[in-house]
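Protein chains in written order, with the numbering used here: chain E, 1 to 149; chain F, 1 to 149; chain L, 1 to 149; chain U, 1 to 149. Built from N, CA and C at the ideal position, the CB exists for glycine as well.
Protein chains: 4
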Amino acid sequence: MSVAALTGDALARACAEAMLSRDHASQALGIVLDDARPGFARVSLAITQAMVNGHAIAHGGVTFTLADSAFAFACNSRNEPNVALQASISYVNAARLGDRLVAEAQERSSKGRTGVCDITVTRGDGELVALFRGVCYRIKGTVLEGASS
Amino acid sequence: MSVAALTGDALARACAEAMLSRDHASQALGIVLDDARPGFARVSLAITQAMVNGHAIAHGGVTFTLADSAFAFACNSRNEPNVALQASISYVNAARLGDRLVAEAQERSSKGRTGVCDITVTRGDGELVALFRGVCYRIKGTVLEGASS
Amino acid sequence: MSVAALTGDALARACAEAMLSRDHASQALGIVLDDARPGFARVSLAITQAMVNGHAIAHGGVTFTLADSAFAFACNSRNEPNVALQASISYVNAARLGDRLVAEAQERSSKGRTGVCDITVTRGDGELVALFRGVCYRIKGTVLEGASS
Amino acid sequence: MSVAALTGDALARACAEAMLSRDHASQALGIVLDDARPGFARVSLAITQAMVNGHAIAHGGVTFTLADSAFAFACNSRNEPNVALQASISYVNAARLGDRLVAEAQERSSKGRTGVCDITVTRGDGELVALFRGVCYRIKGTVLEGASS
Numbered sequence: 001m002s003v004a005a006l007t008g009d010a011l012a013r014a015c016a017e018a019m020l021s022r023d024h025a026s027q028a029l030g031i032v033l034d035d036a037r038p039g040f041a042r043v044s045l046a047i048t049q050a051m052v053n054g055h056a057i058a059h060g061g062v063t064f065t066l067a068d069s070a071f072a073f074a075c076n077s078r079n080e081p082n083v084a085l086q087a088s089i090s091y092v093n094a095a096r097l098g099d100r101l102v103a104e105a106q107e108r109s110s111k112g113r114t115g116v117c118d119i120t121v122t123r124g125d126g127e128l129v130a131l132f133r134g135v136c137y138r139i140k141g142t143v144l145e146g147a148s149s
Numbered sequence: 001m002s003v004a005a006l007t008g009d010a011l012a013r014a015c016a017e018a019m020l021s022r023d024h025a026s027q028a029l030g031i032v033l034d035d036a037r038p039g040f041a042r043v044s045l046a047i048t049q050a051m052v053n054g055h056a057i058a059h060g061g062v063t064f065t066l067a068d069s070a071f072a073f074a075c076n077s078r079n080e081p082n083v084a085l086q087a088s089i090s091y092v093n094a095a096r097l098g099d100r101l102v103a104e105a106q107e108r109s110s111k112g113r114t115g116v117c118d119i120t121v122t123r124g125d126g127e128l129v130a131l132f133r134g135v136c137y138r139i140k141g142t143v144l145e146g147a148s149s
Numbered sequence: 001m002s003v004a005a006l007t008g009d010a011l012a013r014a015c016a017e018a019m020l021s022r023d024h025a026s027q028a029l030g031i032v033l034d035d036a037r038p039g040f041a042r043v044s045l046a047i048t049q050a051m052v053n054g055h056a057i058a059h060g061g062v063t064f065t066l067a068d069s070a071f072a073f074a075c076n077s078r079n080e081p082n083v084a085l086q087a088s089i090s091y092v093n094a095a096r097l098g099d100r101l102v103a104e105a106q107e108r109s110s111k112g113r114t115g116v117c118d119i120t121v122t123r124g125d126g127e128l129v130a131l132f133r134g135v136c137y138r139i140k141g142t143v144l145e146g147a148s149s
Numbered sequence: 001m002s003v004a005a006l007t008g009d010a011l012a013r014a015c016a017e018a019m020l021s022r023d024h025a026s027q028a029l030g031i032v033l034d035d036a037r038p039g040f041a042r043v044s045l046a047i048t049q050a051m052v053n054g055h056a057i058a059h060g061g062v063t064f065t066l067a068d069s070a071f072a073f074a075c076n077s078r079n080e081p082n083v084a085l086q087a088s089i090s091y092v093n094a095a096r097l098g099d100r101l102v103a104e105a106q107e108r109s110s111k112g113r114t115g116v117c118d119i120t121v122t123r124g125d126g127e128l129v130a131l132f133r134g135v136c137y138r139i140k141g142t143v144l145e146g147a148s149s
């Protein structure tokens with residue numbers, strides 16, 4: 001089936017997989033794509049020794065990077081490429097060595113060329129780790145190569 | 001000389017070096033401490049293949065992590081441990097494979113137990129890459145082990 | 001009944017009413033308290049001629065002020081006084097002359113002395129106007145005079 | 001002299017004055033335009049009884065509104081209309097009854113259709129009150145009527 005025939009969840013999944021396959025930073029951390037739908041994405045990550053400090057607490061940048069990847073997948077889920085303009089993160093609980101973090105991104109608004117997306121980062125036990133909010137801006141082109149958006 | 005005798009720039013430097021030596025995430029990225037003074041820090045990072053996507057553009061999480069490390073060093077520069085409560089980043093120009101990014105953190109306010117810090121991320125050519133602002137919160141203890149704050 | 005005997009929704013309501021009665025800025029705008037519960041508040045406001053520009057669009061500061069009032073009521077709903085450290089707002093749709101805006105604040109986290117609260121601002125027709133997120137910090141004392149927190 | 005002949009500081013001043021003359025909210029608060037240049041604006045405001053609570057502390061929404069007006073004047077200073085997408089404020093010191101607040105807005109970036117602006121709010125005595133950062137987005141048209149941008 002050609003890329004152009006994909007729609008809805010299948011298109012969202014294909015866009016996220018294509019982005020992740022090209023994204024060496026997310027791969028290096030071990031970020032896994034768990035789900036993708038139009039305006040939505042879920043990714044996860046295990047906190048390893050290489051991501052923590054001497055007190056076994058993950059660097060805030062690791063939590064941010066996971067949330068930012070979810071953000072990117074959600075706002076690129078319709079094969080229209082969007083870039084992040086601005087992002088904010090509030091830290092609620094520490095992420096620790098051995099935790100599996102899950103980031104869920106949900107688009108809250110998409111109007112004209114700009115959008116807003118909310119991402120929650122939780123631990124495996126359901127405890128909230130961080131709240132992330134991002135503003136994106138649509139640029140020209142397509143996410144998938146060989147596709148017409 | 002004992003840790004307790006350090007003050008000013010020497011104390012700021014010792015705190016930043018101690019934090020970096022315990023911070024596996026910053027080390028894994030190759031973040032280098034260039035300068036530390038009370039309420040100030042400068043760190044840098046070379047963008048490698050492992051940090052970019054298929055278009056040779058660095059993941060926003062890498063830029064954030066560099067800025068976040070500068071933030072941490074600046075707000076822990078007086079041997080009083082502070083944790084990040086909230087951080088925001090605005091992306092201005094893409095960081096690309098081969099760029100050397102420099103993040104400079106400057107404390108803007110420190111009152112009671114909370115503070116605000118501004119971080120600018122620039123490329124080697126002086127071009128602005130991102131603007132980061134963080135809010136920190138002082139917790140008990142000391143940054144340096146064996147020190148009395 | 002003495003103030004000290006209030007709990008739950010009644011305490012939240014009493015705290016919000018006390019704050020609003022002392023808050024000349026909210027009163028001047030005509031902000032109305034619609035609901036208050038522990039960690040929650042709903043307020044509303046009609047956009048008048050004095051709040052708009054020549055294109056009949058409300059000043060972003062009006063929308064922010066409404067959301068900020070909801071934020072304050074939600075994070076002071078347990079008779080423990082909290083002040084705003086930081087707040088962010090994303091504008092989604094314009095608020096116009098004649099619109100009735102509703103702001104709902106929901107506490108997302110409260111740990112130690114800091115908390116995070118999410119506020120959505122909508123029009124009467126349910127359309128999203130803005131997303132607001134605030135970080136608060138607990139100070140000493142009580143919201144209600146003559147109360148023991 | 002026709003509007004079309006204005007450039008630089010004169011154009012920035014004309015844009016800010018036109019916006020303020022149409023902005024009933026800023027006028028109602030008594031916001032005064034002190035200076036406008038390309039990418040820059042300074043406005044001020046006296047904190048009156050109508051802007052404070054029972055402890056004589058100004059509503060955070062008042063400080064935000066002043067900063068937001070400076071933001072709007074700075075990012076519309078070239079007769080190209082921009083709207084606010086997102087704004088963040090960090091509160092540093094309380095603004096009190098009788099204080100004269102000054103907000104200075106400085107554009108930090110303007111690329112394609114988006115920009116970032118930093119606004120500092122200070123008291124007459126030079127004390128920092130708040131730090132504000134805004135992201136704007138350029139729309140079609142002109143700020144001045146009868147002008148060609």
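Three-state secondary structure (DSSP) at residue i?
| i | result |
| --- | --- |
| L/Glu17 | helix |
| U/Ser69 | helix |
| F/Gly115 | strand |
| U/Val62 | helix |
| E/Leu101 | strand |
| L/Val121 | strand |
| U/Val3 | helix |
Residues in the same chain with beta-carbon distance under 8 Å from residue i, minus the five sequence neighbours each way, listed in chain order, please.
| i | result |
| --- | --- |
| E/Pro81 | Arg138, Ile139, Lys140, Gly141, Thr142, Val143 |
| L/Asn76 | Cys15, Ala16, Met19, Asn82, Val143 |
Alpha helix (DSSP H) containing residue i: first to last residue?
| i | result |
| --- | --- |
| U/Ala28 | 24-29 |
Could you spell out the range, first to last residue, of the beta strand (DSSP E) harbouring residue i?
| i | result |
| --- | --- |
| L/Asn82 | 82-91 |
| F/Gly134 | 128-138 |
| E/Asp160 | Not covered by the structure: residue 160 of chain E. The range shown for chain E is 1 to 149. |
| F/Ser44 | 40-46 |
With 9 Å set as the bound, which would you pick, yes or no: does the beta-carbon of residue i sit closer than that to a beta-carbon of chain F?
| i | result |
| --- | --- |
| E/Ala14 | no |
| E/Asp34 | no |
| E/Ala58 | yes |
| E/Asp68 | yes |
Output needed for residue i: all residues of its chain with C-beta closer than 6 Å, excluding positions within five of it in sequence on either side, in chain order.
| i | result |
| --- | --- |
| F/Ile47 | Ala58, Ala95, Leu97, Asp99 |
| E/Ala12 | Ala36, Arg37, Pro38, Ser77 |
| U/Ser69 | Ser26, Ile31, Val43 |
| F/Ala87 | Gly134 |
| U/Thr114 | Tyr137 |
Answer with yes or no whether the minimum CB distance from residue i to chain L is below 9 Å.
| i | result |
| --- | --- |
| F/Leu29 | no |
| F/Gln49 | no |
| U/Asn93 | no |
| E/Asp150 | Shown here, chain E extends from 1 to 149; a query on residue 150 of chain E therefore has no answer. |
| U/Val43 | no |
I want to see whether chain E comes within less than 9 Å of residue i, judged by CB atoms only; does it?
| i | result |
| --- | --- |
| F/Phe64 | yes |
Return the chain-ordered list of same chain residues with a C-beta closer than 7 Å to the C-beta of residue i, the five sequence neighbours on each side being excluded.
| i | result |
| --- | --- |
| E/Leu128 | Val92, Asn93, Thr120, Thr122 |
| L/Ser149 | Its pLDDT being 42, under 50, L/Ser149 is placed unreliably in this model, and the value from its coordinates should be taken loosely. Asn79, Glu80, Thr142, listed in sequence order. |
| F/Gln49 | Leu97 |
| L/Leu66 | Ile31, Val43, Leu45, Leu101, Ala103, Val121 |
| L/Gly60 | Tyr91 |
Within the 9 Å Cβ cut-off, does residue i reach chain U?
| i | result |
| --- | --- |
| L/Ser26 | yes |
| F/Asp118 | yes |
| L/Val3 | no |
Check: Listed from N- to C-terminal order along the chain, which residues in the stretch 97-115 of chain L have their beta-carbon within a distance smaller than 7 Å of any beta-carbon of chain F?
Finding: Thr114
Next item on the list: Closer than 8 Å, Cβ to Cβ, to anything on chain L: give me those residues from the stretch 121-148 of chain E, in chain order.
Entry: Leu128, Leu131, Arg133, Val135
Check: In chain order, what residues of the stretch 73-94 of chain U put their CB closer than 9 Å to some CB of chain E?
Finding: Leu85, Gln86, Ser88
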